[in-house]
Amino acid sequence: MELLEYQAKELFRMVGIPILPSQTIKDARKIKQLEIPYPVVLKSQVRSGGRGKAGGVRFVANTIDAIAATRTIFNLSILGEYPEVILAEAHYNAQRELFLAIVLDYDLQCPVLLGSAFGGMNVDSLLSNLQQVVIDGDFSLFEARRLAANMGLTGKLICSVSEIIAKMHYLFQNYDLDLVEINPLGINREEELMALDGKITINDYALARQPIIESLSFSRYQQKISKEILQQHDYQANISWRWLDWHNSCGKIAIISNSVDSALLIWDLLHQNNITPACGVIIENSLGEESGDLEVYQEQIGQILPQVASIKGVEAILVNILATDPVSRAIVLAIADHYESLKSDLSPSIELDQQLRETKSLVLAPQLILRVLHEDHFEDITCEYLSLTNSLEAAISQAIAILAIPRDSDPDTGVPTVKSK
Numbered sequence: 380m381e382l383l384e385y386q387a388k389e390l391f392r393m394v395g396i397p398i399l400p401s402q403t404i405k406d407a408r409k410i411k412q413l414e415i416p417y418p419v420v421l422k423s424q425v426r427s428g429g430r431g432k433a434g435g436v437r438f439v440a441n442t443i444d445a446i447a448a449t450r451t452i453f454n455l456s457i458l459g460e461y462p463e464v465i466l467a468e469a470h471y472n473a474q475r476e477l478f479l480a481i482v483l484d485y486d487l488q489c490p491v492l493l494g495s496a497f498g499g500m501n502v503d504s505l506l507s508n509l510q511q512v513v514i515d516g517d518f519s520l521f522e523a524r525r526l527a528a529n530m531g532l533t534g535k536l537i538c539s540v541s542e543i544i545a546k547m548h549y550l551f552q553n554y555d556l557d558l559v560e561i562n563p564l565g566i567n568r569e570e571e572l573m574a575l576d577g578k579i580t581i582n583d584y585a586l587a588r589q590p591i592i593e594s595l596s597f598s599r600y601q602q603k604i605s606k607e608i609l610q611q612h613d614y615q616a617n618i619s620w621r622w623l624d625w626h627n628s629c630g631k632i633a634i635i636s637n638s639v640d641s642a643l644l645i646w647d648l649l650h651q652n653n654i655t656p657a658c659g660v661i662i663e664n665s666l667g668e669e670s671g672d673l674e675v676y677q678e679q680i681g682q683i684l685p686q687v688a689s690i691k692g693v694e695a696i697l698v699n700i701l702a703t704d705p706v707s708r709a710i711v712l713a714i715a716d717h718y719e720s721l722k723s724d725l726s727p728s729i730e731l732d733q734q735l736r737e738t739k740s741l742v743l744a745p746q747l748i749l750r751v752l753h754e755d756h757f758e759d760i761t762c763e764y765l766s767l768t769n770s771l772e773a774a775i776s777q778a779i780a781i782l783a784i785p786r787d788s789d790p791d792t793g794v795p796t797v798k799s800k
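One point on numbering: in our numbering, the residue at position 192 of the sequence shown is 571, and numbering is uninterrupted.
#1: Roughly how many whole angstroms lie between the Cα atoms of Q651 and E560?
#2: Name the DSSP bridge partner or partners of T533?
#3: So what's V439 in DSSP terms, helix, strand or just coil?
#4: Could you say which of N653, L492 and N769 lies nearest to D517 if we only look at CA atoms?
#5: Over what stretch of residues does the alpha helix (DSSP H) that includes D484 continue unbroken?
#6: Rounded to whole angstroms, what is the Cα-Cα separation between L483 and L558?
#7: Check each candidate in A715, I784 and L782 and name the one with the smallest Cα separation from L767.
#8: Beta-carbon within less than 8 Å of L413's beta-carbon, same chain only, minus the 5 sequence neighbours each way: which residues are those?
#9: Is there contact between the stretch 495–507 and the stretch 537–548, where contact requires at least three CB pairs shorter than 8 Å?
#10: Check for me: the alpha helix (DSSP H) holding L505 runs from which residue to which?
#11: To the nearest angstrom, how far is the alpha carbon of E423 from that of S689?
#12: How big is the Cα-Cα spacing for G459 and V639?
#13: Nearest-angstrom Cα distance between V693 and L623?
#14: So the candidates are Y471, L487 and S495; which of them puts its Cα closest to the Cα of L506?
#15: Spatial neighbours of E384 within its chain, please: C-beta separation below 7 Å, excluding the five flanking residues on both sides.
#16: Taking only three categories from DSSP, how would you classify M573?
#17: Report the rounded CA-to-CA distance for M573 versus M380, giving the unit in angstroms.
#18: Measure the Cβ-Cβ separation of I700 and I710 and say whether it is below 7 Å.
#19: According to DSSP, is S539 helix, strand or coil?
#20: Quick one: grab the DSSP three-state call for W625.
#21: Restricting to Cα atoms, I'd like to know which of I410, S427 and G531 is closest to K440.
#22: Buried or exposed for G565, please, with buried defined as at least 16 other CB atoms from any protein chain shown within 10 angstroms of its CB.
#23: Is P400 helix, strand or coil when you go by DSSP?
#24: Do G431 and L455 have their C-beta atoms within less than 7 Å of each other?
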């Protein structure tokens, strides 16, 4: 979610990034009460760029000019958006302008520092002189100084710009930002720095866990967007699951659990038996026993199992989800339904091979071991490819035993089979 300039500058002020004296105006009539001495700059607070060229930024020298300019800006649509707030800011005589930014690079999966010795509205010069430093690890002032040096800065500017970058990184890291940008960073004749404009994008997932965001006085439009984002993420949180960041292409056992600690415990127990798991999946929700929640749990299992079962080399899936009996029943039923659907998906030639099916030499998919608290509660649920146990140690032993079965592949279908003795 993008913050408006005056909100970004409020965060700048909190961490000590220099900003000009300013005042927000929500009603054109209030411009007479402006406490900032003229001349001032009036800026339309909209999300889109190009405000200056569109007429959303105006310099005024007195109250009469300010009244007219304020009315004009409030009635000026920029890319379809009318401002709810105008920022009135003191004038600054910049001799030079720089560009600084920190962005989260999703390809590199780490923050990147960006800087240019040419900031402001001249985008061509800005981009042609853009420098970058990748933060692959902990941030240090060294990276900030390296960026400043790459930008061609010299003398005390290297230190002063580096300190600004460090404060930007503090914001970036502590407030879950996707982007923090200062453009332009003005430099006056005494080489003093001033953030003349700012742009901040907060990661949508951080809106619910960053109390400071609530203090920024969101506009009506932002409140609407924020509410929609939170509602969307609440729903996603209820049905979320994720892969753990370890994967072994030679592993033959996959782990599904509802906590990282539980998954790591299984991983450790398998390692004690000289077996490295293939992968792990964490179901992150904590569902109740309402019928709607159970359906969601079944949907999750229906999403996870096909993906885990499709991993090459996986021969066993160990599920360890400690939950109430109703939730456990929903999981067991979802798993049984999944394996029954696999049966129906088999080709006609395989379905006709009843002898193989009767002797269970055909394996449809990785065998599944499910640890539940009370296995005797689910005796009415039958699935030939599912083993139930209430002991984690027994579940580990069963998974290891599956690996000991010699396997081959059906030459016609490619389906894994138990090798004939």
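C-beta atoms are modelled at their ideal positions from N, C-alpha and C, and glycine is treated no differently.
So, from the data block:
#1: Within the sequence shown, the letter at position 272 stands for residue 651. Within the sequence shown, the letter at position 181 stands for residue 560. Each residue's alpha carbon lies about 49 Å from the other.
#2: Here the question's residue 533 lines up with position 154 in the sequence shown. None, per the DSSP bridge assignment.
#3: Here residue 439 refers to the residue found at position 60 of the sequence shown. Per DSSP, reduced to three states, the secondary structure at V439 is strand.
#4: Locating residue 517 in the sequence shown gives position 138, counting from the first residue. Minimum Cα distance to D517 is reached at L492.
#5: Numbered from 1 along the sequence shown, position 105 holds the residue referred to as residue 484. Run containing D484: none in the alpha helix (DSSP H); it sits in the beta strand (DSSP E), R475 to D484.
#6: Locating residue 483 in the sequence shown gives position 104, counting from the first residue. Locating residue 558 in the sequence shown gives position 179, counting from the first residue. Spanning the two alpha carbons is a distance of roughly 7 Å.
#7: On the sequence shown, residue 767 is found 388 positions in, with the first residue counted as 1. Among A715, I784 and L782, the Cα nearest to that of L767 belongs to A715.
#8: If you number the sequence shown from 1, residue 413 lands on position 34. Residues Q402, I404, V419, T442, A445 and A467 of the same chain have their beta carbon placed closer than 8 Å to that of L413, with the five preceding and five following residues left out of the count.
#9: With a cut-off of 8 Å, the stretch 537–548 and the stretch 495–507 do not count as touching, because too few Cβ pairs lie within range.
#10: Residue numbering aside, residue 505 sits at position 126 when the sequence shown is read from its first letter. Under the DSSP assignment, L505 falls in the alpha helix (DSSP H) whose first and last residues are V502 to S507.
#11: Translated into the one-based positions of the sequence shown, residue 423 becomes position 44. Translated into the one-based positions of the sequence shown, residue 689 becomes position 310. It should be noted that the sequence gives Ser, not Glu, for residue 423. When rounded, the separation of the alpha-carbon atoms in S423 and S689 is 53 Å.
#12: Numbered from 1 along the sequence shown, position 80 holds the residue referred to as residue 459. Numbered from 1 along the sequence shown, position 260 holds the residue referred to as residue 639. In a straight line, the C-alpha of G459 is about 46 Å away from that of V639.
#13: Here residue 693 corresponds to residue number 314 of the sequence shown, with the count starting at 1. Here residue 623 corresponds to residue number 244 of the sequence shown, with the count starting at 1. About 16 Å.
#14: Here residue 506 corresponds to residue number 127 of the sequence shown, with the count starting at 1. Taking only the C-alpha atoms, the option nearest L506 is S495.
#15: Numbered from 1 along the sequence shown, position 5 holds the residue referred to as residue 384. Here the set comprises K422, Q424, L466, D576 and G577.
#16: Here the question's residue 573 lines up with position 194 in the sequence shown. Note: M573 maps to strand in three-state DSSP.
#17: Within the sequence shown, the letter at position 194 stands for residue 573. Within the sequence shown, the letter at position 1 stands for residue 380. CA-to-CA, the gap between M573 and M380 works out to about 25 Å.
#18: Within the sequence shown, numbered from 1, the residue matching residue 700 stands at position 321. Within the sequence shown, numbered from 1, the residue matching residue 710 stands at position 331. For I700 and I710, yes; Cβs fall inside 7 Å.
#19: The residue given as residue 539 occupies position 160 in the sequence shown. Reduced to three states, the DSSP call for S539 is helix.
#20: Sequence index remark: in the sequence shown, residue 625 carries index 246 (1-based). Secondary structure at W625: coil, using DSSP grouped into helix, strand and coil.
#21: Translated into the one-based positions of the sequence shown, residue 440 becomes position 61. In the sequence under discussion, the amino acid at residue 440 is Ala, which differs from the Lys named in the question. Restricting attention to I410, S427 and G531, the CA atom closest to the CA of A440 is found in I410.
#22: Here residue 565 refers to the residue found at position 186 of the sequence shown. So G565 counts as buried.
#23: Residue 400 sits at position 21 when you count from the first residue of the sequence shown. Residue state, collapsed to three classes: coil.
#24: Numbered from 1 along the sequence shown, position 52 holds the residue referred to as residue 431. Numbered from 1 along the sequence shown, position 76 holds the residue referred to as residue 455. Taking 7 Å as the Cβ cut-off, G431 and L455 do not qualify as a contacting pair.
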